[in-house]
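Enquirer: Here the working numbering is used: the first residue of the sequence shown is -11, the next is one more, and so on.
The structure is given below, and queries will be raised subsequently.
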Amino acid sequence: MDKMRVVQVTDCHLQENADEPFKGLNPEQRLLSTLQQLRSEDADSDLLLLSGDLVHHGYASGYQRLQRYTDGMAKEIRWIPGNHDDAVRMREYQTLSQKVFVQGNWCIIMLDSTAEPDGKGSGALSQTELDWLAGVVSEHSDKYLLLVLHHPPVAVGSQWQDSIMLANAEAFWAQLKKYKNLKLIVCGHLHQAHQIEMEQVCVLATPATAPQFKVSTVEPEMESDPYLSQPAYRVIDLLPDGKFTTRVKRVPV
-11 MDKMRVVQVT DCHLQENADE PFKGLNPEQR LLSTLQQLRS EDADSDLLLL SGDLVHHGYA
49 SGYQRLQRYT DGMAKEIRWI PGNHDDAVRM REYQTLSQKV FVQGNWCIIM LDSTAEPDGK
109 GSGALSQTEL DWLAGVVSEH SDKYLLLVLH HPPVAVGSQW QDSIMLANAE AFWAQLKKYK
169 NLKLIVCGHL HQAHQIEMEQ VCVLATPATA PQFKVSTVEP EMESDPYLSQ PAYRVIDLLP
229 DGKFTTRVKR VPV
């Protein structure tokens, strides 16, 4: 059985209108440049994951454009909300909002971490979501698991970002300890690349297509390094034996 290729694009922060800036840069053009490279280099992916903060303030026009831009970019496309999104509006796109994707030996589960917002950027997995996750995992006990959520369930050593991570991460990990077939968790939110091992599970955070943040800061600071400030996406190859390879690909702009 062949590998499954998953591509993650995250934190696009599209505005109401395509020419509106975000933190001094044009998020629309950064996304379009990312998708252009993706088409050129990784067009054969099995699944494109759009992992939240896709449209700043959740404008309907932004989701319409994003759907149009990504149509046909992979065999299947799924999205989840972030704290800046309108989760109800996103669910109107029923195919994009399907939450379970099974192929080969893998089950990929999309989670909504936007419950209990604190107004500062944090979010949580509702008890309903956690109970639903338990049911899905039980149904697919013969598969390796990859979970996708917007908020990172681990701290990354950046004071302001660690204050707005997944609010109920402790309860989340307590549940995850039961899942011996869980291999990988993929998130966004940080506008940075991280790879952290936790409870024998690999947690991957992926940089944004929107402007990036510096790592390990007390307050938000925009990334100034010419390379690290570029838009980016992540490629993950899931192998039939439960192993995987991954890399972050930067996009010159």
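For glycine and all other residues, C-beta sits at the position ideal for the given N, C-alpha and C.
Nothing here was measured: the structure is a model prediction, and the numbers come from that model.
Are there 16 or more other CB atoms within 10 angstroms of the CB of Asn5, so buried, or fewer, so exposed?
Expert: Stepping through the sequence shown from its first residue, residue 5 is reached at position 17. Classification for Asn5: exposed.
Enquirer: Please classify His45 as buried or exposed, where buried requires at least 16 other C-beta atoms within 10 Å of its C-beta.
Expert: The count along the sequence shown starts at 1 and reaches residue 45 at position 57. Its Cβ having fewer than 16 others within 10 Å, His45 is exposed.
Enquirer: Between the alpha carbons of Ala143 and Thr83, how many angstroms are there, rounded?
Expert: Mapped onto the sequence shown, residue 143 falls at position 155. Mapped onto the sequence shown, residue 83 falls at position 95. Approximately 32 Å between the Cα atoms of the pair.
Enquirer: Name the DSSP beta bridge partners of Phe232, please?
Expert: Position 244 of the sequence shown, counted from the first residue, corresponds to residue 232. In the DSSP output, where bridge partners are listed per residue, Phe232 has Leu226.
Enquirer: Suppose the cutoff is 8 Å on Cβ atoms and the five residues either side in sequence are ignored; what does the same chain contact list for Ala196 look like?
Expert: For this step, residue 196 is matched to residue 208 along the sequence shown. Within the same chain, Ala196 has close Cβ partners Thr(-2), Asp(-1), Cys0, His1, Asp41, Gly176, His179, Pro219, Ala220.
Enquirer: What do you get for Val76, buried or exposed, if any count of 16 or more other CB atoms within 10 angstroms of its CB means buried?
Expert: Within the sequence shown, residue 76 is the residue found at index 88, counting from 1. Exposed is the call here.
Enquirer: Pick helix, strand or coil for Gly123, following the three-state DSSP scheme.
Expert: Position 135 of the sequence shown, counting from 1, holds the residue named residue 123. The answer is helix: DSSP assigns Gly123 an H, G or I state.
Enquirer: Does the distance from the C-beta atom of His271 to that of Gly50 stay below 8 Å?
Expert: One cannot answer for residue 271 here, as it falls past the ends of the chain, which runs -11 to 241.
Enquirer: If we ignore side chains and look at the alpha-carbon of each, how far apart do Asp243 and Tyr47 end up?
Expert: Past the boundaries of the shown model lies residue 243; the chain is included only from -11 to 241, so the question cannot be answered.
Enquirer: Would you decide whether Asp100 is buried or exposed? Buried here means 16 or more other CB atoms lie within 10 Å of its CB.
Expert: By one-based count along the sequence shown, residue 100 stands at place 112. When all chains shown are included, Asp100 counts as buried.
Enquirer: Please classify Gly123: is it buried, with 16 or more other beta-carbons within 10 angstroms of its beta-carbon, or exposed?
Expert: What you label residue 123 is simply residue 135 of the sequence shown in a count that begins at 1. Gly123 comes out exposed.
Enquirer: Report buried or exposed for Thr58, applying the criterion of at least 16 other Cβ atoms within 10 angstroms of its Cβ.
Expert: Here residue 58 refers to the residue found at position 70 when the sequence shown is read from its first residue. Thr58 is buried by the Cβ-count criterion.
Enquirer: Tell me which same chain residues have a C-beta within less than 7 Å of the C-beta of Met78, skipping the five on either side of it?
Expert: For the purposes of this step, residue 78 is taken as the residue at position 90 of the sequence shown. Around Met78: Tyr51, Trp67, Pro69, Ser85.
Enquirer: Starting from Glu186 and walking both ways along the beta strand (DSSP E), at which residues does that stretch end?
Expert: Counting from one through the sequence shown, the residue named residue 186 turns up at place 198. Note on identity: in this sequence residue 186 is Met, with Glu being the wrong assignment. Residues 182 to 186.
Enquirer: With 16 as the cutoff for other CB atoms within 10 Å, does Val206 come out buried or exposed?
Expert: By 1-based counting over the sequence shown, the position of residue 206 is 218. Looking at its Cβ environment, which holds fewer than 16 other Cβ atoms inside 10 Å, Val206 is exposed.
Enquirer: So, Val90 versus His128, is the Cβ gap smaller than 8 Å?
Expert: Taking the first residue of the sequence shown as 1, we reach residue 90 at position 102. Taking the first residue of the sequence shown as 1, we reach residue 128 at position 140. In this structure, His128 lies closer than 8 Å to Val90 by Cβ.
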